[in-house]
Amino acid sequence: MGLKKYYFGKSKYTSLIGSVYSGSEKWDGGVLAPNGKIYFAPRAANQILQLDPSTNTTSLIGSNYSSMGIFKYAGGVLAPNGKIYFVPNNANQVLQLDPSTNTTSLIGSVYGGGARWIGGVLAPNGKIYFAPHDTSQILELDPSTNTTSLIGSVYSGSNKYQGGVLAPNGKIYFTPYSASQILQLDPATNTTSLIGSVYTGVEKYTGGVLAPNGKIYFVPLQASQILQLDPATNTTSLIGSVYGGSYKYAGGVLAPNGKIYFVFNGASQILQLDPTTNTTSLLSGIYSSSSKYAFGVLAPNGKIYFAPRAANQIMQLSKINIPDIIGSDAQIPSDLSTLPASNYNMYYNKY
């Protein structure tokens, strides 16, 4: 499904880059690797999509997983060993990518069922935790051994959580998709609890972003406002303007200028949030069609790249790095052993 280019005033902020890929539900979220390239998780696509932001060229890499069908993986996380782990949605194992060789392998235990986990977070202990969507427990992955286990309390229901964020207090907060409350995980003890106010409705939020003010902002999919969480008090509030429409935004990215940009899925415009004032605005470029993009990644060049779901090319968002208030926190640490405790991990290394 094609998209037309639009321009914001006299400056071009967005552009479509890379090769053209047909189909729907192709890729879902992406991960920046230490080599500077971005790898997008194969949802209905059969291979990982690699982007080199220095040249804006794309290629399909790794093994072909057509036998897995659709909705294979949803998001990914960089581990301290330099490998990327993609989150098993309908796939029954975690997908590991070695960016140094572009080779892939299936690791960890085999799990049955469908729509199991969506999104993941690297904790300070070096382990990765996947958000329970239709399954009843969080999935823990130890990248040092490539072993997986189910942890935390058991939660019933479907479509519960979708993505998560690591807070400065060391705890992980999973995004309430159709669940009525945020799910908090303490990785130090693998204990979970439900926190914040109760919000009714389904398919409310998908993914979240930590801002420099220490608060987390959850992305409105069907909800009409952004959900703000203060991890210091576990209190929540609805902020910003009210927006109508269905399946509006899927994922958000903290830009070097300190603002958060929400990736438009069914909405026709990119949503910008200024966390210093909790005010929102719509960027003026308009794009038609639905299910366009799902989550995005900040590259070392200061530009954000949106993962193409139904869109047939990657979208690049630029002119968002002045003033640069994030600085080196937007860069992967050169010593990957420090990744779990880094600000980069909290701000960017998650879905």
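Residue 475 in this note's numbering is what sits at position 122 of the sequence shown, and the numbering runs on without skipping anything. In this text, a Cβ means the ideal position worked out from N, Cα and C, and glycines have one as well.
Minimum C-alpha distance to residue i - residue among the options
i: Ser590; options: Gly510, Leu580, Ser531, Ser497; result: Leu580
i: Tyr701; options: Leu689, Gln575, Val606; result: Val606
i: Tyr704; options: Phe527, Gly466, Pro387, Val463; result: Phe527
i: Leu450; options: Arg469, Ile401, Tyr366, Gly597; result: Ile401
i: Gly508; options: Asp487, Ala520, Lys524; result: Gly is not the amino acid found at residue 508; the sequence shown has Tyr there. Residue Asp487 is the option with its Cα nearest to Tyr508.
i: Gly467; options: Asn455, Asn442, Thr454; result: Asn442
i: Gly523; options: Pro433, Gln490, Leu563; result: Leu563
i: Ile667; options: Pro653, Pro676, Gly649, Asp682; result: Gly649
Per-residue DSSP class, three states only, for residue i
i: Gly371; result: coil
i: Leu635; result: strand
i: Tyr464; result: coil
i: Tyr614; result: strand
i: Thr691; result: helix
i: Ala444; result: coil
i: Ile437; result: strand
i: Ala386; result: coil
i: Asp682; result: helix
i: Met354; result: Note that Met354 scores a pLDDT of 39, beneath 50, so its modelled location is shaky; the value from the coordinates is reported in the next line. Met354 falls in the coil class under three-state DSSP.
i: Gly429; result: strand
i: Tyr418; result: coil
i: Tyr697; result: helix
i: Lys703; result: strand
i: Tyr360; result: Low confidence applies to Tyr360: its pLDDT is 35, below 50, so where it sits in the model is not reliable, and the reading given next is rough at best. Of the three classes helix, strand and coil, the one that applies to Tyr360 here is coil, per DSSP.
i: Thr588; result: strand
Cβ-Cβ distance between residue i and residue j below 8 Å
i: Gly473; j: Ile481; result: yes
i: Ser634; j: Ser377; result: no
i: Asn698; j: Leu494; result: no
i: Ile423; j: Ala444; result: no
i: Gln572; j: Phe617; result: The sequence as given places Val at residue 572; Gln does not occur at that position. Not in contact: Val572 and Phe617 (Cβ atoms no closer than 8 Å).
i: Gly655; j: Asn631; result: no
i: Pro329; j: Tyr530; result: This structure leaves residue 329 out entirely; the chain is present only between 354 and 704.
i: Tyr658; j: Pro406; result: yes
i: Ile679; j: Gly611; result: yes
Inter-residue CB distance, residue i and residue j (contact presumed, cutoff 8 Å)
i: Tyr392; j: Gly429; result: 7 Å
i: Ile535; j: Gly516; result: Going by Cβ atoms, the distance from Ile535 to Gly516 rounds to 11 Å, so no, they are not a contact pair.
i: Ser419; j: Asn665; result: Rounded, the Cβ-Cβ distance is 19 Å, inconsistent with contact.
i: Leu448; j: Val384; result: About 11 Å separates the two Cβ atoms, so there is no contact after all.
i: Leu689; j: Pro387; result: 7 Å
i: Asp381; j: Ala647; result: 5 Å
i: Thr559; j: Leu574; result: 5 Å
i: Gly567; j: Pro584; result: 7 Å
i: Ser577; j: Val551; result: That belief does not hold up - the Cβ atoms of Ser577 and Val551 are roughly 17 Å apart, past 8 Å.
i: Pro693; j: Asn478; result: 7 Å
i: Thr408; j: Ser372; result: Not confirmed; about 12 Å, so no contact.
Legend entry - Whole beta strand (DSSP E) elements within the region 525-570, 3-residue minimum: Here the runs fully enclosed are 525-529, 535-539, 544-548, 558-563.
Legend entry - Entirely enclosed beta strand (DSSP E) segments - the region 642-671, minimum 3 residues: Unbroken beta strand (DSSP E) runs of no fewer than 3 residues, entirely contained in the region 642-671, are found at 646-651, 657-661, 667-670, following chain order.
Legend entry - Contiguous beta strand (DSSP E) assignments of at least 3 residues, all confined to the region 454-518: Listed in chain order, they are 456-460, 470-475, 481-485, 491-495, 500-504.
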